[in-house]
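Asks: Handing you this structure, nothing more for now.
4 protein chains.
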Amino acid sequence: MYTEIRREAYEANLALPRHGLINLTFGNASAADRDKGVFAIKPSGVDYDELSPENMVIVDFDGKIVEGNLRPSSDTPTHRCLLLAFEGIGGVVHTHSTKATAFAQAGKPIPNFGTTHADYFYGEIPVTRKMTPEEIASAYEWETGNVILERFKGLNPLDFPGVLVNRHAPFTWGKSVAKAVEVAVAVECIAEMALMSMQLNPGLQAIEQELLDKHFLRKHGATAYYGQPE
Amino acid sequence: MYTEIRREAYEANLALPRHGLINLTFGNASAADRDKGVFAIKPSGVDYDELSPENMVIVDFDGKIVEGNLRPSSDTPTHRCLLLAFEGIGGVVHTHSTKATAFAQAGKPIPNFGTTHADYFYGEIPVTRKMTPEEIASAYEWETGNVILERFKGLNPLDFPGVLVNRHAPFTWGKSVAKAVEVAVAVECIAEMALMSMQLNPGLQAIEQELLDKHFLRKHGATAYYGQPE
Amino acid sequence: MYTEIRREAYEANLALPRHGLINLTFGNASAADRDKGVFAIKPSGVDYDELSPENMVIVDFDGKIVEGNLRPSSDTPTHRCLLLAFEGIGGVVHTHSTKATAFAQAGKPIPNFGTTHADYFYGEIPVTRKMTPEEIASAYEWETGNVILERFKGLNPLDFPGVLVNRHAPFTWGKSVAKAVEVAVAVECIAEMALMSMQLNPGLQAIEQELLDKHFLRKHGATAYYGQPE
Amino acid sequence: MYTEIRREAYEANLALPRHGLINLTFGNASAADRDKGVFAIKPSGVDYDELSPENMVIVDFDGKIVEGNLRPSSDTPTHRCLLLAFEGIGGVVHTHSTKATAFAQAGKPIPNFGTTHADYFYGEIPVTRKMTPEEIASAYEWETGNVILERFKGLNPLDFPGVLVNRHAPFTWGKSVAKAVEVAVAVECIAEMALMSMQLNPGLQAIEQELLDKHFLRKHGATAYYGQPE
């Protein structure tokens, strides 16, 4: 039981250091099975080379551990909050990838300067407000999810498949956790390009709407023509 | 049939991630057989580890698929436009390599600051103008080629074997697709050096004409003396 | 005898280049056995691929070589000074990792801008004052330790498990030398993030106290809930 | 005959891409046998994976090819010029390593900001003046050597084992070509640190003389105590 999400979560967690997104044990990935009302997530503070499909922790959507002897990632409540609120997604990824985290620490969204960005996000990569002392002192990781949801009022999470948590780091998501990993790779790459573009052209404006539409929509939605027919 | 260009295109496409020029599936390479009036190009949105010489798509110079069950790269019309216009070239490469793309997003050419650059380009690496809403709304990828051709009026494409498409990313080319890959590697490296040189010396002028002549011409043209006799 | 600290020091020294923290032979790690009053440390100027547990040098807390035919690292007196003063630590690591060293050369502490930093340090990563000509002319490496101790008056070395020596480079430590290696990796990553955050937001303030408390204390101390129960 | 310098030159040339100092075929290394009055150098424009001890080209100190069917590196006259003038050196390395080349292109020496630098150079890493149109038009590569020698009037080449050629890139040297490779690695690393230190502290002054003396002299000269006794 839960074999498929165990495998998906395991492979996604392993993919993060392979893509250079993880230093030490910062970062985690979860894969949901909405029919069964559960998700699989990385155990907390375990080295990447000790992970296996079997030691992924199975948690239900109320936050109870269904299967597993290890503590789940301390960020589990954030994953749960996002999986509950964003019904179209199948997985969440959290990293402290260097360049994206630099934007998060600075409290700055990543401006959309080009087509690489427009292939993934339908506008800037948003940043949350800072969390209040009350939010930090209470259920911190759950409130981290809430501050993301607050920022996403009026935004479609599949048009903006990621966010920077202020002072913290990026979270990404997608229809599958594999897609969330892909977005995490893209966010890191986009962050590096954006900083360099700003250094080259400090007054640089965001990409023109027609080019944003073209690139985002050729990959996403009903008129997409990128990739192979599904 | 088409064995040779299938192999060349396949090897060029594989070389791109090996040189660190590709994140995810951004990027593609094509190899032309002008006698047969066709070129081989990467299929769209296929992972690099699933590529083979056999799944390269064969397209003729009118844009019709001659062989192949997969959709060709969505950038195929840009490749075709360049191969038609630049008769001396045998292959085209497109990447979103990080540093070169940062210049493209910023709408800035890469200034020629030194001999590394002068070994490959006979002046700055040009950037196109932005595309118009009409160009974007019509045959976008074909018009991407046209905006490159507009920038190349009066320029010899073998003296300037690449370009930055504004808001987008670099395209490079050469007598062979292998040479186009080499130029793509050089462009990324040159972009990184150029940004750092500008940070060290904000008013830095372009390389002196005599040194540009010396380096470009010792590698290119009738009086070249670099490398082994051919 | 000393088998365990030989192995720990050997593994820590090998981990440094694997994590990209070492260029050439810059850097060394030591592991202490407080019961036996000795520590194992890398021999001086030996290539990383020639290291073995057997050629680690065993030095006692008075600085005398107990076992070993090779000279110990020239930085041995700094390690000894720290191991003597910081009674809760079991190992010391010294690297010239690029980004952290850039801060050290500039004489600047690494400001605490986010949760990645707060997971490891309970405030900024401190920098020492410059050493005086007299300190440099006398027992230089021992005085390097003393200038660190001067900076740590009033600081708990387990709350601040590392330092930048002005004009020089980072030293880190921990309950074990393996932990000191982990901190060295974190310091390099934090340094890169901090420089980028400052470039994005030149007036950026340090992380809010409540978020610092939350992140540092969820990993350290009596109320920690990160990782698996020990 | 010449077996030893063939092997040394071959190994040094292979070490350059392994250390990340070489993009494409930019770069070359030579090893001298002063008793026989010859040096071994990389053939021009040959891929790194086609090199062998046997295809190193043997050139005498008058510039005549003694053994070899391939053209030697086009930079051979620069190597010969340095080997003739700097009698204490046994090998020369030339790279276009990214960060050091950025300084060379900008026409800026690398300031000595810390002990990493001071371990290798007894002051800033010098940059030559620009070459004149006459020097470029005549025996360009030989004159590249001469402009280095002009910069080194009054400098001991073993105290300053490398240089940045203005608009071009670094050359390094040492008692052996293996040492010249080591210096080339250090120069690239030092360049990256220096740029970051300047970004952190724009008015940063060079390292204090007493610390420079301490670090340079603990590794070099009669009172050195770094590494193992020779």
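Chains as they are written, first to last, in UniProt numbering: chain A, 1 to 230; chain B, 1 to 230; chain C, 1 to 230; chain D, 1 to 230. C-beta: ideal position from N, C-alpha, C; glycine also. Computed from a prediction, not measured in an experiment: that's the story for all the values here.
1) Have a look at 33(D), 161(D) and 25(D) and flag the residue whose alpha-carbon is nearest the alpha-carbon of residue 2(D).
2) Sort out for me which residues DSSP pairs residue 30(C) with in a bridge.
3) Counting only Cβ-Cβ distances shorter than 9 angstroms, please list the residues of the region 184–200 of chain D near chain C, keeping chain order.
4) Check whether the Cβ atoms of residue 82(C) and residue 171(C) sit closer than 8 angstroms, and answer yes or no.
5) For the region 90–118 of chain D, enumerate the residues whose C-beta is nearer than 7 angstroms to any C-beta of chain B, in chain order.
6) Buried or exposed: where does residue 203(A) fall if 16 or more other Cβ atoms within 10 Å of its Cβ makes it buried?
7) Counting pairs of Cβ atoms below 8 angstroms between the region 127–134 of chain C and the region 189–197 of chain C, do you hit three or more?
8) State buried or exposed for residue 63(B), treating a residue as buried only when at least 16 other CB atoms are found within 10 Å of its CB.
9) Could you give the DSSP three-state label for residue 87(A): helix, strand or coil?
10) Is it true that the region 31–49 of chain B meets the region 85–96 of chain B, where meeting means three or more beta-carbon pairs spaced less than 8 angstroms apart?
11) Taking the C-alpha atoms as reference points, what is the distance between residue 120(B) and residue 155(B)?
12) Need the endpoints of the beta strand (DSSP E) that residue 162(A) sits in, please.
13) Name the chain A residues whose beta carbon is nearer than 7 angstroms to that of residue 56(B)?
14) Check residue 174(C) in the structure and name its three-state DSSP category.
15) Which residues in chain A sit within 7 angstroms of residue 136(B), going by Cβ to Cβ distance?
16) Using 8 angstroms as the limit for Cβ to Cβ distance, is residue 44(A) near chain C?
17) Residues in its own chain within less than 8 angstroms of residue 8(D) by CB, not counting five upstream and five downstream?
18) Using a beta-carbon distance cut-off of less than 8 angstroms, what residues from the region 163–183 of chain D approach chain B?
19) Leaving out the 5 sequence neighbours to the left and right, which residues in its chain are closer than 7 angstroms to residue 108(D) when beta-carbon positions are compared?
20) How should residue 73(A) be labelled, buried or exposed, when 16 other C-beta atoms within 10 angstroms of its C-beta is the threshold for buried?
21) Can you pull the chain A residues whose beta carbon is under 9 angstroms from the beta carbon of residue 204(C), in chain order?
22) Does DSSP put residue 60(D) in a helix, in a strand, or in coil?
23) Could you please give the first and the last residue of the uninterrupted alpha helix (DSSP H) stretch that includes residue 143(A)?
24) Given a threshold of 16 other Cβ atoms within 10 Å of its Cβ, counted over all protein chains shown, does residue 104(D) qualify as buried or as exposed?
25) List the whole-angstrom C-beta distance separating residue 228(C) from residue 45(A), where the pair is believed to meet the contact cut-off of C-beta under 8 angstroms.
26) List the residues of chain B whose Cβ lies closer than 8 angstroms to the Cβ of residue 157(D), in chain order.
27) When burial is assigned at 16 or more other CB atoms within 10 Å of the CB, is residue 138(B) buried or exposed?
28) Can you find a C-beta in chain D that's less than 8 angstroms from the C-beta of residue 207(B)?
29) Once the 5 residues before and after residue 70(D) are set aside, which same chain residues still bring their CB inside 8 angstroms of it?
30) Starting from residue 67(D), trace the beta strand (DSSP E) both ways and give me its first and last residue.
31) So if DSSP puts residue 72(B) in a beta bridge, which residue, or which two residues, is it bridged to?
32) Do residue 188(C) and residue 52(C) have their beta-carbon atoms positioned less than 8 angstroms apart in this structure?
33) Less than 6 angstroms between C-beta atoms, sequence neighbours within five positions excluded: which residues of the same chain meet that for residue 163(D)?
34) Are the beta-carbon atoms of residue 185(A) and residue 24(B) separated by less than 8 angstroms?
35) Could you name the residues of the region 16–47 of chain A whose beta carbon sits closer than 9 angstroms to any beta carbon of chain C, in the order they occur along the chain?
36) Considering only residues of the same chain and omitting the five flanking positions on each side of residue 28(B), which have a CB-CB separation below 7 angstroms?
Replies: The relevant details are as follows:
1) Per the Cα distances, 33(D).
2) Residue 30(C) pairs with 41(C) and 92(C).
3) Cβ proximity to chain C below 9 angstroms picks out 185, 186, 188, 189, 192, 193, 194, 195, 196, 197, 198, 199 and 200 from the region 184–200 of chain D.
4) The answer is yes: Cβ separation under 8 angstroms.
5) In summary, the residues of the region 90–118 of chain D whose CB is separated from some CB of chain B by less than 7 angstroms are 96, 98, 99, 101, 102, 103, 104, 105, 106, 107 and 108, in the order they occur in the chain.
6) Counting C-beta atoms within 10 angstroms of its own C-beta, residue 203(A) has fewer than 16 neighbours from the protein chains shown and is therefore classed as exposed.
7) Between the region 127–134 of chain C and the region 189–197 of chain C there are fewer than three C-beta pairs closer than 8 angstroms, too few to call the two in contact.
8) Here residue 63(B) is exposed: its Cβ has fewer than 16 other Cβ atoms, across all protein chains shown, within 10 Å.
9) In the three-state reduction of the DSSP assignment, residue 87(A) falls in the coil class.
10) Touching, yes.
11) If you take the alpha carbons of residue 120(B) and residue 155(B), they lie about 14 angstroms apart.
12) In the DSSP assignment, residue 162(A) falls within the beta strand (DSSP E) that extends over 162–164.
13) What residue 56(B) touches in chain A: nothing, since even the nearest Cβ is about 14 angstroms away.
14) DSSP, reduced to helix, strand and coil, places residue 174(C) within a strand of the structure shown.
15) Neighbours of residue 136(B) in chain A, taken as residues whose beta carbon is under 7 angstroms from its own, are 210, 211 and 214 in chain order.
16) Taking Cβ atoms only, chain C reaches closer than 8 angstroms to residue 44(A), which makes this a yes.
17) Correct list, in chain order: 31, 40, 91, 176, 177 and 178.
18) Those would be 167, 168 and 169, in chain order.
19) Only 127 meet the Cβ criterion.
20) So residue 73(A) ends up on the buried side.
21) Under the 9 angstroms cutoff, chain A gives 105, 106 and 107.
22) Residue state, collapsed to three classes: strand.
23) Here the alpha helix (DSSP H) through residue 143(A) covers 140–151.
24) With 16 or more Cβ atoms within 10 Å of its Cβ, residue 104(D) is classed as buried.
25) At roughly 6 angstroms, the Cβ-Cβ gap stays under 8 angstroms, so residue 228(C) and residue 45(A) are in contact.
26) At a C-beta separation below 8 angstroms, residue 157(D) has no neighbours in chain B, since its nearest C-beta there lies roughly 23 angstroms away.
27) With fewer than 16 other Cβ atoms inside 10 Å of its own Cβ, residue 138(B) counts as exposed.
28) It does: the Cβ of residue 207(B) has a partner Cβ on chain D nearer than 8 angstroms.
29) Excluding residues within five positions, the ones whose Cβ falls inside 8 angstroms are 43, 44, 46, 55 and 57.
30) The continuous beta strand (DSSP E) containing residue 67(D) extends over residues 65–67.
31) Bridge partners of residue 72(B): 43(B).
32) With respect to residue 188(C), residue 52(C) sits apart: the two C-beta atoms are not nearer than 8 angstroms.
33) Annotation for residue 163(D): 126, 148 and 171 place their beta carbon closer than 6 angstroms to its own, counting only its chain and skipping 5 residues before and after.
34) Between residue 185(A) and residue 24(B), the C-beta gap is smaller than 8 angstroms, which places the two residues in contact.
35) Listed by position, the residues of the region 16–47 of chain A near chain C (Cβ gap below 9 angstroms) are 23, 24, 25, 26, 43, 44, 45 and 46.
36) Non-local beta-carbon contacts of residue 28(B) in its own chain, meaning distances under 7 angstroms to residues more than five positions away in sequence, involve 13, 41, 42, 73, 75 and 94 in chain order.
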